[in-house]
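For reference, the structure is listed below as structure tokens.
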Amino acid sequence: MNYQQQSLAGLNGIELIIALYDGMARFLHRAIEAIEGGDVHARRRAIKRVFDILIHLQARLWMDVGGSPARALSDFYTAMFALALQGSQEESKDKLLQAIAGIRNVREAWQQVALDPAAQKMIPRNLQTVEERISSAALPLLRSKPDHYDSGDGTMPESCQWMA
């Protein structure tokens, strides 16, 4: 597992979305650097990475469940896609900077959601990481299951003790 994979491993769903927004901003900055350096291939690679992230985020929206927030995010992703495409085609640093500003703005909104404990409870199951799903499913079971090995005095029954 490389450094990036390790740094993402413990994140919840919203934190992963924030990481994707950070990635888009980082790749847009790379595209700007490529424009400044006249490197067409580097610009195209960077913009393709932005497109990959936008398409991934767009594909994960549940329009029938998400209502107006999902539609707003869909419109936002479409606008950022168009702005990044225009910025790349025209080699316009200004358009790419506009895209970065928009991405940072929405990223900050996601950051506020990540810091709100009430919002954490409302995270849809599909946005939870595997670890979050396991722990949230196991906790009620652990709390409701009586301790079959407890004899009441805090000691384990003899049948459950191991002897060397």
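In case it helps, our numbering puts the sequence shown at residues 742 to 905.
In this text, a Cβ means the ideal position worked out from N, Cα and C, and glycines have one as well.
The C-alpha of residue 774 lies about 9 Å from the C-alpha of residue 834. Excluding the 5 residues flanking it on each side, residue 783 has same chain C-beta neighbours closer than 6 Å at 775, in chain order. When rounded, the separation of the alpha-carbon atoms in residue 831 and residue 837 is 10 Å. The three-state reading of DSSP puts residue 826 in helix, counting H, G and I together. The shortest C-alpha to C-alpha distance from residue 821 to any of 785, 839 and 767 is the one to 839.
Residue 757 is classed as exposed because its beta carbon has fewer than 16 other beta carbons within 10 Å across all chains shown. Sequence-distant partners of residue 759 (beyond 5 residues in either direction) whose C-beta falls short of 7 Å from its own C-beta, in its chain, are 848, 851, 852 and 855. The beta carbon of residue 817 sits closer than 8 Å to those of 843 and 847, all from its chain and outside the five residues before and after it, given in chain order. For residue 804, the secondary structure class from DSSP, reduced to helix, strand or coil, is helix.
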